[in-house]
Structure formats: C-alpha cells, structure tokens
Amino acid sequence: MNVDYIVAMLMISFGLYCLLIKRNLIKMVIGLEILTFGIHLFLISMGYREGGIAPIVTSTNPASVVATMGVDPLPQALVLTSIVIDVCVTAMLLSLAIYAYKHYKTLDTSELRRLKG
Amino acid sequence: MAGMTLIVKTASRLLSPFVLLFGIYIVLHGHLTPGGGFPGGVIIVAAIVMLLLGYGAEAAKAKFSPLQASVSENIGSLILVATGLLGLFLGFNFMKNAIPLGTTGNLYSAGIIIPLNIGVGIKVAAGLAVILYAMLTAFEEEEK
Amino acid sequence: MIEAAPILAIIIPLMGSFLTPLISILTKRYKKERIRDLFVVAIVIVTLLLVLHMLPTVWSGNIIVYRLGNWTPPWGICLAIDGLNILVALIVSGIAALVSIYSLMYMKNDTGLEKYYTLLLLLLASMMGVTLTGDFFNLFVFFEIMSVSAYALVAFRRNWDSIEASIKYMVIGSLGASLVLLGISFTYSLVGSLNIADIAQKISIIGTNPLPPVLILILALLMTGFCIKIAMVPFHAWMPDAYQAAPSAVAALFAAGTTTVGVYVMLRIIYILFGVAALGVMLIVLGSVTMVVGALMALVQRDLKRLLAYSGISQVGYILLGVGFGTALGIEGGLFHLLNNAIYKALLFMCAGAIFYRVGTCNLDELGGLSKNMPITAGLFTIGALAISGVPPFNGFASKWTIYIAGIQAGKAFFTLLAIIVSVLTLAYLLKAINAIFLGQRPKRFENVKEAPMTMIFPMMFLAVLCIVLGVLPSLGIDIVSPAYNALTNQHGYIRAVLGGI
Amino acid sequence: MMRRVLAIGLVCAIGALLVFTVSNYLLPFGTFPQRKFENFENQSVAQVYLENAPKAEAGGAGSANVVTSIVWDYRGYDTLGEATILFTAVCGVAMLFRAAKEGD
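Residue numbers (the numbering used here), protein chains in the order written: chain A, 121 to 237; chain B, -12 to 131; chain C, 403 to 904; chain D, 203 to 306.
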C-alpha cells in the first residue's frame, strides 16, 4: 500500500482547496505552502528503499554499504532546490502582502479587487 | 523597534555567538554531514535576528549594516560564479571540479564544494538579512 | 570558435546582474549613474553577440552539446542547442538588447533604477537559461527565476494597480509552477531520469501510441502549468493586469520574450520530450479558443496596454493553431508567426510606452489627435498595427497567410475561417485604437506634447524595418525558421546528439 | 456557496485522479532504484551517484555526503540557479521597500 504517496497527494489536494476557497492573502500563502510540501513529500518518499540508510559515508556506513543500501539522493537535492524556490516566492508574496496591508489596510483578495474599481 | 526585556536581552547576548558559530560549522562541514551553505546561512542569519529582537533594529544594524549586507550578498554570488569560471580557465567546462580533491572524510576534501558552500553561506545570510531589513522599514515608517 | 559560448550566453548576463548593485553603489558615489546604464546595455549586447556567434554552427545542422562540469548526460546537466533553441535565443536576446536601449530614456524618471536593471538582466539570463538548457529540472529552476523577476518587475512602479496585478500574477503563477514541479516528479518516478533526451528515449520505449494513462496525466500537468505561464485562455486572467501595470519597456520584453519562451517550452515538451504529434487536435482547439476570446476581449478595452495584452493572447492562439495543423507548412507558419509576433508586439508596446512617456496616460478615452505632435510614433504604431492584423506587405501577412494555406491543405477549413475572422477583428480594434490616439479631437492639454526622444525612437524604428523586410521577403523569414522546423521534427537526432549514441 | 461547492468538487476530482494514479501506475513505496512500467524496465540514474560520488578515483567529488555531492558537483548549475533565485527575491523585496525618493 502506497500510504506515503497517497498522503502526499491528499496534501496537494488540500493545498489546492485552500488556494481556491480562501480569500485572505495569508491563508492563500499557507495553502500554497501545503501544496508545495505535498510535492516535496512525494519526491522524498519516492526515493526510499526497503531498509534504506542516509546517503552519507561515515565510519559505521562505509561506501560499499551506502552504494547498496542508501536511499535516492537525487530527489533530496531537488527538494533542497525546490525549498529555496518556495522560500523566495513566499518572501516576495509576503512582502507584497505587507506592502498592500500597509497602504490599503486589507488582505482580503476580493476586497483588493473592489478597491481597484 | 525597541528592544525587549532584560531576560530576552541576556539570553540573546549569550546565545547569539554560539548560534553564529554553529552556522559557520554547518557551512564548513557541508560536504561531510547533512547541511551545507543554505541551512548554514539561515542559522547565521538567526543570530542576527536574535540580536534584532532583543536589542532592537538599531543595535542589529550597528553590527551588520544594510549596506554591508547587500555588498556581501553580491560578493557571495560572485564567489559562486568565479568558482564556476575557474573550471573554464583551467581548460575544462563550467563548474568542473578542477582543483585537487582531498581524502574522503577529511575537512579538506571534495574540491570546489568548499568554496561554493562558503559563497552560498555568505550569500544566504546576507540576502536574508537584506530581506529582513527591507521588511523592517515598512514598520519603522509606521512608528514615526 | 569560442567553445564556451553557450554557457557564457547565460553566465555573462547573470554575472552582470550580480555586478550591477556594486557598480551602482560606486557610480552613485561619484554621481555618474549613466555608466551603470551603459554597462547594462553593453552586457546585453555581448549576450546577443554570443548568440549570433553560435548561429552559423547550429544553422548548418549541428547540435551543440555543452556538458556542465564535464559530466556525461544523463548524470550531469548539459546545454543542448538545436535549431529551435537558437531561434528563441535570438529573439530573446535581440529584443532584450532593444529594450535595454529603450529603457535608457524611458525609465529615466523612476527611482530604484539599479534594482530595475538588475532585475532586467536576471530576466534576460533566466530566459536564456530556459532556452538553452537540456535538463528538465534545470528548465524548471530557470523558469522560476524568470517568474520571480517578472513578479518583481510587474510591481516596479508600486502603485495600486501594479501591487494588485503582481499579487494576482504571483498566486496564479506559483500554482502553475507547482503543477510543473509535480509533473517533473511524476516523470522522474516513472522513468528515473531528468535529462530531456534521456526521458525522451525512455518514453519512446514505453510507447506513446496510444498514450498510457499516467503519461496523459503527466502531460496534462505540464501543459496546464505552462499554459498558465503563457496565459492560454482559461488561465489568462493575470496577463492583462500584469502587462498594464508593468513599465512598457518590461511589458515589451514580457510580450516578446517570456511568451516566446513559454511557447518554446510547450513545443519542446510536446515534440521532443513526448514525441507525440497526435496532440494536434488539442492544440488547434486551445489555440482557436485563445484566439477568439483574446480578440473579443480586446475589442472592449479602454486602455491601450490592456488592449495590446489581449491581442497578445490572441496572437499566441495563432501560433498554436499553426503548429497544431501538424503539416510541415503549418509548423513553419507557426514558428514564423512566433518570430513575427515577438517583433511587432515589442514594437507596439514600445509605441505605447512612448505615448505614456510623453503624455502620462494610456487611456484611449483621454487621448486624441496626437499624430500632429508625434508623427514618427504614429507612423510606427500604424506599421505595427497593420502587421499584427495581417495586412500585406507586412510580416504578419506572410505568416498568417502560411497558416491559412496550411489549414486549408490540412482540411481544417472551419478553423482557417475562424483565423481569418479573428484577423479582421484584430484590424478592427487596432484601427479603433489608432483612431482614438492619433486622430480626432486633440485635447487642449496635449498641445505642447513633443516627439519621443531619439533613443526610444531608434529601437522602434529598427523593429518596424524588420516588419517591412520580413513582409516583403517572406522567403527570408522561412529560411530563418526552417532550421527550427527541422529540429522540431528530428527527435532521434536530438537524442543521439545529447546522449552520444548510448 | 456555489463557488465553494464547485471548488470542493474540482478538488475531490483532482485528488481522486492523483491518488488513483499513484496507487496504480507507480511502483510501490520502497523500491528505489527500480523503475518499471509495462514493457519498460530500468534503473534510476541516481544509483550511479550512490556508487561513484564518495570515490574520487571513480570520477566523483570524494564528498562523504552524497547529497552535497549532487547539489554542488553533478548538478551544481542547478544550485547556481537556486542561489540566483534567492538573489532575485532579495532584489525584488528591496525594490518593493525602496525609499520613495532617491538619496538614501
């Protein structure tokens, strides 16, 4: 049973729901984060192997053990990259939210649209 | 933003050097243990955040000014590109690991990974500090 | 000659953007801020020269593969440049060079210019990165740099419209990026590779005729993600706001650069990665819906930049329609339209910027009678408008005519008729715009408006000349796009060149 | 209300589709280097990283941490892009909160 995969997909769905329904900008950011973390969870769990160890050579895990038992290091590298991308987008979005709140005193996206009028 | 109570001030004064040291350790051991430039940089910037919360924005800016932050961010980025171009100058392709590799498991090993980690550590710490200071200005104007 | 030209075309603008803040600190201290602007222009022109340097090699039928860090694909990242990439790289770097020259005067009165130029160089570097890369995840990373710098540039003027447009663009764009990332992770979990050529080879083993359900899901995720980025019709809501709010120079670069890159990525995924030509019907339907809705929405706009944004959406529909016909003529016509679209869209946005620079508004209700004040801009705008509506002897006619003929040959007469009707609609709304801006009653306060400055006129004139040249000599245009056509239909050649016969 | 119902319906459909796909078409959890789909059978490219990355003589970087080796050596260019995206975001945020007038 692929419980990990299913949980990741459910997280993606919840994030999507949050993004579609919520009108508060901060809550939309949270939805976006849940969506992205669902994808990260999927990527990481994809690289697991039965009884796997961390892909780091130490005195107890020599190179030969890592080569046969290590989990997939590539998705971990991809997730590192993806986390930073996510942080950057969130930083931009939150600073836009701060700016909008400071000048227009609202975070409600439907309100934002009406104000434009 | 003014500082906080005495407890917070004392705790942040005592802790922030160790946090800084731990961040540097994480950056330098990126090729041996979990971690590397990005997490290390974030831990380094946490030390600045502690000072900022405890003593107020002015004290933090006196330690690490916004101009210093943005210059060192650029320097960190240039270290990355320069390390990449090193491979090009030595006759290989861009980003080739062209300098001597040490023995696996030592602190000096893995060639260009060390300068790259240091560069990205500087860059992330300085970059997040710039973001922090920029967001602070939004609230500083409000207080005036 | 220069072996490292592919990587330098990405790294030089990148390094330029890292250096710009340092240079601007120095130039601000000595009050010589022009040096910073000229430095940026020089960097962009060097990039263009590097692309031109690669041109003869690629056009003679070779595929340049540059292995980063000397790693063999599929283990390392490689840059793979075939006819399709080089066409897009040429468009992007050429338009960026003109836009940077145009910005010298256009942005003169804004604050925070060092940030503007840094972001402009980052946008150029990331577009070059997306265009030249041969690795799927790397493409995503550079696409995100492009998006983040685009979000920032949309908010550059910091007025209410731009903040709102940027928030909207960002939420929708991040959703698209997440879908693309999900598609990439599904691809990796299915075939275990990230190199485009390697994935293509492995997918061809799985077989795409008929497409297995999981591949359909992957394709749907990737297509939805990139459709959001190029504003195909169900997802087009962000685009008019963003283009209206962005400074016109940036809007010109978006319309000509990022849209072109987005279309390129879609073509790369459909033709090289999946190798499925069977998607033609989907492309035709999406393309014609986009075309019709864009043109109908453009008819009712009261703001020049908004109108141009909707017409940009509608023109992307033409490209997809042409490519979707699937015949050699159709694909060539679509690619030719991609080139032409970049040229006249940039021209029109630059004209809108020139009007905004002198008058301070782009609202069609307030403008009027400017042809006496700005005769050159009026003439150039008219050339652009006639070109985009497909009136001979301009370049739009050449590519649209090719698409019509291809449609009739492919037996899709209904869609061809639709394309012709949309073309007439395009002419209608642009004539309305010309009438409202340049003819009619001139309000009193516009009497002292002067012609746009020379550094803004020059890039516009250059583009207008290109419009006429490609219209008079359509065979020249077909010659430019035929290497791209050859690359698009040569999936095996691409795989062989990248993987080196593995 | 209508909007909420529509959104719930859409999300349920997408979620069901995704769950159906991952539980039927992907290999089960925990079978890492293996990649199999109908007639296609292969190993993930990442297996080679695990074998070669810690050994300098096999062409790897000789880094004890395989993930770092991928992040900075095999796919270093990606990470350069990642650093650039941080630079972009910093630049964007600084642009947004810049002073209203030139001079400071």
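Just so it is clear, CB atoms sit at the ideal spot from N, CA and C, and this is done for glycine as well.
Whole-angstrom distance between residue j and residue i, CA atom to CA atom
i	j	result
V127(A)	I569(C)	29 Å
D206(A)	K834(C)	44 Å
D306(D)	L119(B)	Because D306(D) carries a pLDDT of 41, less than 50, the predicted location of this residue cannot be relied on, and the following value inherits that uncertainty. C-alpha separation (whole angstroms): 18 Å.
P794(C)	G873(C)	7 Å
G106(B)	V694(C)	51 Å
F134(A)	I218(A)	25 Å
D563(C)	A220(A)	11 Å
G237(A)	D643(C)	Model confidence at G237(A) stands at a pLDDT of 40, short of 50, so the residue's coordinates are unreliable and nothing is read from them.
S419(C)	K147(A)	34 Å
I586(C)	T818(C)	35 Å
F628(C)	S528(C)	16 Å
E849(C)	G771(C)	9 Å
T474(C)	L901(C)	8 Å
Y887(C)	L621(C)	22 Å
V247(D)	S265(D)	18 Å
W640(C)	I427(C)	35 Å
S96(B)	W274(D)	13 Å
I598(C)	V207(D)	40 Å
A889(C)	N472(C)	25 Å
Y132(B)	G27(B)	No answer is possible for residue 132(B): it lies beyond the span of chain B, which begins at -12 and ends at 131.
H638(C)	A215(D)	23 Å
T290(D)	D228(A)	27 Å
L500(C)	L613(C)	43 Å
I904(C)	N797(C)	With a pLDDT of only 47 at I904(C), under 50, the local geometry of the prediction cannot be trusted, and no value is derived from it.
Residue j beta carbon less than 8 Å from that of residue i
i	j	result
G735(C)	I805(C)	yes
F231(D)	S215(A)	no
D192(A)	F234(D)	yes
G89(B)	T270(D)	no
F751(C)	L701(C)	no
R237(D)	V593(C)	yes
L524(C)	I547(C)	yes
Q843(C)	I674(C)	no
L252(D)	P175(A)	yes
T226(A)	D280(D)	no
L596(C)	P476(C)	yes
P102(B)	N267(D)	no
L788(C)	L865(C)	no
CA nearest to the CA of residue i, picked from the options
i	options	result
R898(C)	G536(C), N775(C), L470(C), I409(C)	G536(C)
F51(B)	L38(B), G63(B), N61(B), I62(B)	L38(B)
E231(A)	N122(A), V204(A), L130(A), R143(A)	R143(A)
M684(C)	L655(C), A838(C), L722(C)	L722(C)
G719(C)	A622(C), T828(C), F796(C)	T828(C)
T662(C)	L740(C), P612(C), S690(C)	L740(C)
G732(C)	G682(C), L706(C), D600(C), M699(C)	G682(C)
M856(C)	A756(C), A830(C), A407(C), L766(C)	A756(C)
A258(D)	G108(B), I62(B), G98(B)	G98(B)
Y590(C)	Y137(A), L198(A), I173(A)	L198(A)
Endpoints, the beta strand (DSSP E) within which residue i is located
i	result
I483(C)	480 to 483
V467(C)	466 to 469
K747(C)	Taken as a continuous stretch (DSSP letters only), K747(C) belongs to no beta strand (DSSP E), being part of the alpha helix (DSSP H) at 730 to 761.
Q646(C)	Premise fails: Q646(C) lies in the alpha helix (DSSP H), 640 to 647, not in any beta strand (DSSP E).
K434(C)	Note, K434(C): premise wrong, no beta strand (DSSP E); not H, not E.
F242(D)	242 to 245
K814(C)	Counting along the chain, K814(C) falls outside any beta strand (DSSP E), and DSSP gives it neither H nor E.
R898(C)	Looking at the DSSP string, R898(C) is not in any beta strand (DSSP E); the run it does join, the alpha helix (DSSP H), is 893 to 901.
Q843(C)	From DSSP, Q843(C) is part of no beta strand (DSSP E); its letter is neither H nor E.
Limits of the alpha helix (DSSP H) - the one that residue i falls within
i	result
I427(C)	407 to 431
R0(B)	-7 to 15
R206(D)	204 to 226
R708(C)	706 to 727
K83(B)	Premise fails: K83(B) is in no alpha helix (DSSP H) and is neither H nor E.
Residue i at chain E interface by Cβ criterion, 8 Å
i	result
A291(D)	This model lacks chain E altogether; the protein chains it does include are A, B, C and D.
Near the ligand ZN: residue i beta-carbon under 7 Å from a heavy atom
i	result
P235(D)	Absent from the structure shown: the ligand ZN. Ligands present: none.
request  = Tell me, please, whether the stretch 495 to 510 of chain C touches the stretch 648 to 655 of chain C by the rule of three or more beta-carbon pairs shorter than 8 Å.
outcome  = yes
query = Would you call the stretch 478 to 488 of chain C and the stretch 453 to 470 of chain C in contact, with 3 or more CB pairs under 8 Å?
reply = yes
query = Three or more beta-carbon pairs under 8 Å between the stretch -7 to 5 of chain B and the stretch 76 to 85 of chain B, yes or no?
reply = no
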